[in-house]
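Participant: I'd like to ask some things about the structure below.
See below:
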């Protein structure tokens with residue numbers, strides 16, 4: 155199963171309740187509701203996605219699927235201390251909204267930056283970067299991830315080495 | 155000043171710092187960062203937007219502007235008890251992510267629904283609806299609002315009457 159298919163499955167796997175029978179019949183004329191209980195968490199290190207993360211446990215909590223607005227999806231991602239993504243790019247960009255804790259992010263050409271609750275990062279299309287927790291703190295961010303014309307939202311690359319992660 | 159222009163001004167008014175000199179020169183090759191301190195809150199009832207809300211104080215806290223991803227923008231909106239939007243539609247839809255408190259939302263054809271922290275609502279394109287706090291509780295939601303080809307993200311309609319709001 156590809157990453158994109160797994161992600162799509164995860165985000166659409168929960169039951170959804172809708173405002174009335176029109177929506178149930180397929181016509182998007184009403185609001186669609188979901189509660190946290192309807193969107194199961196995914197422990198990344200117990201999933202096929204684990205190959206794209208390193209350094210510690212990561213949990214993904216879906217918020218809304220790309221199927222709604224077509225152009226983007228939403229998910230909370232929580233990194234335990236030391237955990238980080240691989241290097242990667244986003245074909246349609248990504249917004250990172252830091253909800254709690256302290257983390258790092260860095261582009262291939264840039265310096266490692268510390269990010270905290272309230273910080274927002276825009277990762278432009280195709281810019282190689284990584285993000286994760288610091289060594290001593292967990293970090294949760296909400297990611298709003300663009301989806302391109304082919305339904306693709308990420309291109310995974312090599313792991314972030316300990317040397318790159320620690321910035322030493 | 156139109157609502158859209160005000161919103162755009164608000165969301166782009168804060169200074170932004172960027173990862174390196176390339177971004178400062180206009181090439182989107184690096185991440186863009188903002189902190190909460192760089193995104194001033196807007197007290198709706200002291201702004202031209204007040205005509206589109208009623209029943210109490212509303213505060214808007216920008217998260218990210220539509221200029222980044224082109225297709226959507228992000229903002230927290232906090233409603234004091236009793237406060238609500240006018241009826242309105244979104245030409246490119248909107249996701250509502252309830253962060254805290256207890257609120258209501260309702261479509262023109264539907265029942266009033268209670269929403270709480272962890273709930274997510276997808277408001278499809280063109281569906282007439284409103285949202286706000288309950289009578290007894292404040293409510294904060296993060297809205298991810300789609301922007302259409304003409305740069306438009308909302309069509310404001312008539313106020314929600316007290317009878318409609320209370321559901322009686």
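Chains as they are written, first to last, in this note's numbering: chain A, 155 to 322; chain B, 155 to 322.
Here a beta-carbon is modelled for each residue, glycine too, at the ideal position from N, C-alpha and C.
For residue 235/B, which three-state DSSP category applies?
Facilitator: Residue state, collapsed to three classes: coil.
Participant: Are the C-beta atoms of residue 258/A and some chain B residue less than 7 Å apart?
Facilitator: No, no contact with chain B.
Participant: Tell me, to the nearest whole angstrom, how far the beta carbon of residue 262/B is from that of residue 283/B; I am working on the premise that it is less than 8 Å.
Facilitator: Contact flag correct, Cβ pair sits at about 7 Å.
Participant: I want to verify the contact list: residues of chain B whose CB lies under 7 Å from the CB of residue 195/A, in sequence order.
Facilitator: Simply none; closest approach about 12 Å.
Participant: Short of 6 Å in beta carbon distance, which residues of its chain neighbour residue 212/A, apart from the five on each side in sequence? Order them along the chain.
Facilitator: Excluding residues within five positions, the ones whose Cβ falls inside 6 Å are 198, 233 and 237.
Participant: Tell me the residue span of the alpha helix (DSSP H) that contains residue 320/A.
Facilitator: Per DSSP, residue 320/A belongs to the alpha helix (DSSP H) from 316-320.
Participant: At a Cβ cut of 9 Å, what residues of the stretch 273-287 of chain B count as close to chain A, listed as they run along the chain?
Facilitator: Listed in sequence order: 273, 274, 275, 276, 277, 278, 279, 280, 281 and 283.
Participant: Could you name the residues of the stretch 237-266 of chain B whose beta carbon sits closer than 8 Å to any beta carbon of chain A, in the order they occur along the chain?
Facilitator: So the list reads 246, 247, 249, 251, 259, 261, 263, 264 and 265, given in the order they occur along the chain.
Participant: Within the 7 Å Cβ cut-off, does residue 233/A reach chain B?
Facilitator: Not an interface residue.
Participant: For residue 216/B, does the count of other Cβ atoms within 10 angstroms reach 16, so buried, or fall short, so exposed?
Facilitator: Per the 10 Å Cβ criterion, buried.
Participant: Looking only at its chain, what residues have a beta carbon closer than 6 Å to the beta carbon of residue 273/B, apart from the 5 residues adjacent to it on each side?
Facilitator: Closer than 6 Å at Cβ, skipping near neighbours: 252.
Participant: Given that residue 218/A touches chain B, what residues does it touch there, using C-beta distances under 7 Å?
Facilitator: Within 7 Å Cβ-Cβ: 249, 274 and 276.
Participant: Whose C-beta lies closer than 6 Å to the C-beta of residue 315/B among residues of the same chain, with five residues either side of it excluded?
Facilitator: Within the same chain, residue 315/B has no close Cβ partners at all.
Participant: Is any beta-carbon of chain B found at less than 7 Å from that of residue 303/A?
Facilitator: Not closer than 7 Å to any Cβ of chain B, the Cβ of residue 303/A fails to qualify, so no.
Participant: At 8 Å on the CB atoms, spell out the chain B contacts of residue 226/A, in chain order.
Facilitator: Those are 223, 225, 226 and 298, listed as they occur along chain B.
Participant: Can you check whether the C-beta of residue 188/B is within less than 7 Å of a C-beta belonging to chain A?
Facilitator: Yes, its Cβ sits closer than 7 Å to a Cβ of chain A.
Participant: Please work out which residues of its chain come closer than 7 Å, Cβ to Cβ, to residue 279/B, disregarding the five sequence neighbours upstream and downstream, and give them in chain order.
Facilitator: Once the five neighbours on either side are set aside, the close Cβ partners of residue 279/B are 244, 245, 246 and 247.
Participant: Please go through the same chain and pick out, in chain order, the residues whose beta-carbon is closer than 6 Å to the beta-carbon of residue 204/A, but skip the five residues on each side of it.
Facilitator: Excluding sequence neighbours, residue 204/A sits near 198.
Participant: Is residue 289/B close to chain A? Criterion is C-beta to C-beta, closer than 7 Å.
Facilitator: Chain A, which has no Cβ nearer than 7 Å to the Cβ of residue 289/B, makes this no.
Participant: Roughly how many whole angstroms lie between the Cα atoms of residue 318/A and residue 312/A?
Facilitator: If you take the alpha carbons of residue 318/A and residue 312/A, they lie about 12 Å apart.
Participant: Under three-state DSSP, which class holds residue 198/B?
Facilitator: Residue 198/B: helix per DSSP, three-state reduction.
Participant: So, are the CB atoms of residue 258/B and residue 299/B less than 7 Å apart?
Facilitator: Not in contact: residue 258/B and residue 299/B (Cβ atoms no closer than 7 Å).
Participant: Hey, residue 229/B and residue 297/B: beta-carbon distance below 7 Å or not?
Facilitator: Yes, the Cβ-Cβ distance between residue 229/B and residue 297/B is below 7 Å.
Participant: What are the partner residues of residue 287/A, as DSSP defines its beta bridges?
Facilitator: 257/A, per the DSSP bridge assignment.
Participant: Can you list, in chain order, the residues of its chain with a C-beta nearer than 6 Å to that of residue 307/A? Leave out the 5 residues immediately preceding and following it.
Facilitator: The answer, listed in chain order, is 299 and 301.
Participant: Mind checking residue 239/B: buried by the 16 CB within 10 Å criterion, or exposed?
Facilitator: Residue 239/B should be labelled buried.
Participant: When you compare the CB of residue 309/B with every CB in chain A, is at least one pair closer than 7 Å?
Facilitator: Residue 309/B does not count as touching chain A.
Participant: In whole angstroms, what is the alpha-carbon distance linking residue 270/A and residue 269/B?
Facilitator: Cα to Cα, residue 270/A sits roughly 28 Å from residue 269/B.
Participant: Starting from residue 183/B, find everything on chain A with Cβ-Cβ shorter than 9 Å and list it in chain order.
Facilitator: Within 9 Å Cβ-Cβ: 261, 263, 278, 280 and 281.
Participant: Name the residue from 227/B, 256/B, 196/B and 209/B whose alpha carbon lies nearest to the alpha carbon of residue 326/B.
Facilitator: Limits of chain B in this structure are 155 at one end and 322 at the other, which puts residue 326/B out of reach.
Participant: If we call anything under 7 Å between Cβ atoms a contact, is residue 266/B one with residue 210/B?
Facilitator: Their beta carbons are not under 7 Å apart, which means residue 266/B does not touch residue 210/B by this criterion.
Participant: Taking the alpha carbon of residue 249/B as the point to measure from, which residue in 235/B, 264/B, 256/B and 285/B has its own alpha carbon closest?
Facilitator: When each option's Cα is compared against that of residue 249/B, the closest is 285/B.
Participant: DSSP beta-bridge partners for residue 296/B?
Facilitator: The partner list for residue 296/B (beta bridge, DSSP) reads 230/B and 251/B.
Participant: Using the C-alpha atoms, what's the distance from residue 201/A back to residue 195/A?
Facilitator: Their backbone Cα atoms lie some 11 Å apart in a straight line.
Participant: Taking a contact to mean a Cβ-Cβ separation below 7 Å, would you say residue 255/A touches residue 184/B in this structure?
Facilitator: Cβ distance not < 7 Å, so residue 255/A and residue 184/B don't count as in contact.
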